[in-house]
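If you read the sequences in order, they're chains A and B.
Per numbering that gives the first Met the number 0: the first sequence = residues 0 to 216.
Per numbering that gives the first Met the number 0: the second sequence = residues 0 to 229.
Data block below; observations after.
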Amino acid sequence: MNIVLNLIQKEIKTEWKQKYAFNGLLLYVVSTVFVCYLSFKRIVDLPTWNALFWIIQLFAGVNAISKSFLQEGRGRMLYYYTLTNARSFILAKIIYNLFLMLVLSAFNLLFYSLFIGNPVQDMPMFILAMVLGSAGFSAVLAMVSAIASKAGNNFALMSILSFPILIPVLMVTIRFSKNAMDGIAWAVNQQFAIILVALIAMVFALSYLLFPYLWRE
Amino acid sequence: MNDKKINLLSGLQWWKWLCILLLFYTFYQGLMIEVPRLAILHETIRNLFFHVTMWFSMIIMMLASLIYGIRYLSTNDITFDTKASEAAYTGVFLGLLGLATGSLWAKFTWGAWWVNDAKLNGAAAAMLVYFAYIILRGSIDDEHKKAKLAAVYGIFAFTMMLVFIMILPRLTDSLHPGNGGNPGFGNYDLDKKMRTVFYPAVIGWALLATWITEINVRIKTLRNKIEDEK
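Structure, rendered in structure tokens:
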């Protein structure tokens, strides 16, 4: 556990050292929202509002997390190999990426509401959907990023591999947050939360079990 | 020259004979037996023997690919990877046939080639995942690296495919027979007579898929051998 904490600390420090990358991501979210605002102005249709929000979130997530392994060079991976073990490493990556996704989604929600409007009726539930969605995204994307980086640092490959695999998480999250927008009771909506948690647990377990195979070269 | 004459048919293993037999039976009986008369479905209910069986055999092929992928990861034996990849290719082929037969059927029962239905979208998404698997394989040169990454991605792909076609469609009503009050293949109208064709059909198509995969594995193994000798 100590190793995991140290690794997360190291991630935050490297991020802080290359502030331009993080700021770049924030700018990416803001400018995407702004482009959407200019093309849509106001969105009256609720499903469209929701879908657009999650599509921005999807692209921001793929962009943010793809660099989590792509930035680690071969030499640095070798260095980690001598210092840590595979399981703590992927755990640290997922937790750090979750943190990154949460910051991005908060940013996204803020500017999206500011420009395009916020018709959400049940805000706490929407935020729950956002947190669960971010957790799902980070677990799936961390693993795919590891695969893509081993396959030769190709960003296009990262999107090709991650989009179809993200569809289940994305679809359940979209339905969940749509219900939150409509202010549908928790009793009805809780099944989506449960499915989402189950999906996250599954992806998490798979990453935890399979990463050691990617780790050894 | 090769002077040993190969008799094509006598060299077949028993399960290949079984496959031929079952498929002949499927085609003959599938078109000839009396089927229940149902509104909307009518004679198209016979698609059960040619469409639903595609998905069954596809899942069997993907399962085989998954098992070989796991065996590759635990043994590092490249022959398992060849089997895993060829099984996945056959599975994708069957999936495309499943989409085509389903689309044709949808045109005559629902009136459109494609409708917004959870099961259709799930099937299309499952296909996308496996296309990504193929692209991933194509983008790596090193044999063992390719095998390892493909196996890991394949495990992900399989679990996600299960989610697509098993869990997500159950969250919503589907137009598909058996869901949301539509006449289904499953309960009351899959009568005894249709069962006598359906189960043999599943086995027959699955055996054919295994056969195709086996031939492809042999071709690939020979190719690898030739390349190694060069």
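Cβ atoms here follow ideal geometry from the backbone N, Cα and C, with glycine treated the same way.
Note that the coordinates shown come from a computational prediction; the quantities given were computed from them, not determined experimentally.
For this session: Under the assumption that PHE79 of chain B contacts TYR71 of chain B (Cβ atoms under 8 angstroms), give the Cβ distance between them as a whole number of angstroms.
Result: 4 angstroms
Exercise. Under 7 angstroms Cβ-Cβ, which residues of chain A neighbour MET159 of chain B?
Worked result: ILE164 and PRO167
Exercise. Just reading off the alpha helix (DSSP H) that SER64 of chain B is part of, what are its end residues?
Worked result: 51-74
For this session: Look at VAL28 of chain A and ALA50 of chain A and say whether their C-beta atoms are less than 8 angstroms apart.
Result: no
Problem set entry | Best match in B:LEU127, B:GLY68, B:ILE134 and B:GLU85 for proximity to LEU98 of chain B [C-alpha to C-alpha] | B:LEU127
Problem set entry | From A:ALA147, A:TRP214, A:VAL3 and A:VAL32, residue whose alpha carbon lies closest to that of ALA105 of chain A | A:VAL32
For this session: Give the residues of chain B in contact with GLY72 of chain A, contact being defined as C-beta atoms less than 7 angstroms apart.
Result: Those within 7 angstroms of GLY72 of chain A in chain B number zero; the least Cβ separation is about 17 angstroms.
For this session: Pick helix, strand or coil for PRO35 of chain B, following the three-state DSSP scheme.
Result: coil
Problem set entry | TRP185 of chain A versus SER144 of chain A - alpha carbon distance | 34 angstroms
Problem set entry | Segment contact, 8 angstroms Cβ cut-off, at least three pairs: the segment 41-49 of chain B with the segment 191-206 of chain B | In short, these stretches touch, since the Cβ pair count reaches three.
Exercise. Any Cβ of chain B within less than 8 angstroms of the Cβ of GLY151 of chain A?
Worked result: Cβ-Cβ to chain B under 8 angstroms: yes for GLY151 of chain A.
Problem set entry | Proximal chain A residues relative to SER300 of chain B, where beta-carbon distance stays under 8 angstroms | Here chain B comprises residues numbered 0 to 229, so residue 300 of chain B is not present and cannot be evaluated.
Exercise. Is it buried or exposed for GLY101 of chain B, if we count other Cβ within 10 angstroms and need 16 for buried?
Worked result: Answer is buried; the Cβ neighbour count reaches 16.
Exercise. So with Cβ pairs under 8 angstroms, would you call ILE146 of chain A a contact of chain B?
Worked result: yes
Exercise. According to DSSP, is ALA111 of chain B helix, strand or coil?
Worked result: coil
Exercise. Using CA coordinates, which residue listed in A:SER176, A:ALA155 and A:SER65 is at the minimum distance from MET100 of chain A?
Worked result: A:SER65
Problem set entry | Minimum Cβ-Cβ distance from TRP185 of chain A to chain B less than 8 angstroms | For TRP185 of chain A, no Cβ of chain B is located within less than 8 angstroms of the residue's own Cβ.
For this session: Leaving aside the five residues before and after SER64 of chain B along the sequence, list all residues of the same chain whose C-beta is less than 7 angstroms from its C-beta, in chain order.
Result: ALA83, ALA86, ALA87, GLY90 and GLY153
Problem set entry | Beta-carbon contacts of GLY203 of chain B that lie in its chain and below 7 angstroms, excluding the five residues immediately before and after | CYS18, LEU21, LEU22 and THR25
For this session: Can you give me the start and stop residues for the alpha helix (DSSP H) that GLN120 of chain A sits inside?
Result: GLN120 of chain A -> no alpha helix (DSSP H), and no H or E assigned at all.
Exercise. Mind checking whether PHE68 of chain A and SER148 of chain A have CB atoms under 8 angstroms apart?
Worked result: yes
Exercise. Do we get a CB-CB distance below 8 angstroms when we pair PHE49 of chain B with the residues of chain D?
Worked result: You won't find chain D in this structure, because its protein chains are A and B.
Problem set entry | Cβ neighbour criterion (16 or more within 10 Å) applied to ILE42 of chain A | The residue is buried, with at least 16 neighbouring Cβ atoms inside 10 Å.
Exercise. Roughly how many angstroms separate the alpha carbons of TRP113 of chain B and GLY72 of chain A, rounded to a whole number?
Worked result: 45 angstroms
For this session: In the DSSP assignment, find the alpha helix (DSSP H) that holds ARG73 of chain A and state where it starts and stops.
Result: 73-82
Problem set entry | Span separating the alpha-carbon of ILE146 of chain A from that of LEU77 of chain A | 16 angstroms
Exercise. Can you tell me whether DSSP reads SER138 of chain B as helix, strand or coil?
Worked result: coil
Exercise. What residues from chain B crowd round MET201 of chain A, counting only those whose CB sits closer than 9 angstroms?
Worked result: THR158 and VAL162
Exercise. Can you round the beta-carbon distance between GLU142 of chain B and ILE77 of chain B to whole angstroms, since I take them to be within the 8 angstroms contact cut?
Worked result: 6 angstroms
Exercise. Would ALA179 of chain A pass as a contact of VAL119 of chain A if the rule is Cβ separation under 8 angstroms?
Worked result: Judged by their CB atoms, ALA179 of chain A and VAL119 of chain A are nearer to each other than the 8 angstroms cut-off.
Exercise. Residues of chain A with a CB under 9 angstroms from the CB of LEU95 of chain B: which are they?
Worked result: Chain A residues near LEU95 of chain B: none, gap ~15 angstroms exceeds 9 angstroms.
Exercise. Among residues of its own chain, excluding the 5 on either side of MET157 of chain A, which ones have a beta-carbon nearer than 8 angstroms to its beta-carbon?
Worked result: VAL61, SER65, LEU69, VAL143, SER144 and ALA147
Exercise. Which same chain residues, not among the five before or five after ALA138 of chain A, have their C-beta less than 7 angstroms away from its C-beta?
Worked result: ILE93, ILE199, VAL202, PHE203 and SER206
For this session: Buried or exposed for ARG136 of chain B, please, with buried defined as at least 16 other CB atoms from any protein chain shown within 10 angstroms of its CB.
Result: buried
Exercise. Assuming THR220 of chain B and THR74 of chain B make a contact with CB atoms under 8 angstroms, what is their CB distance in whole Å?
Worked result: Their Cβ separation, rounded to whole angstroms, is 16 angstroms, which puts THR220 of chain B and THR74 of chain B out of contact at 8 angstroms.
Exercise. Within the present structure, is the beta-carbon of SER56 of chain B separated from the nearest heavy atom of the ligand MN by less than 7 angstroms?
Worked result: Inclusion of the ligand MN in the displayed structure is not the case, the ligand content being empty and no account of it being possible.
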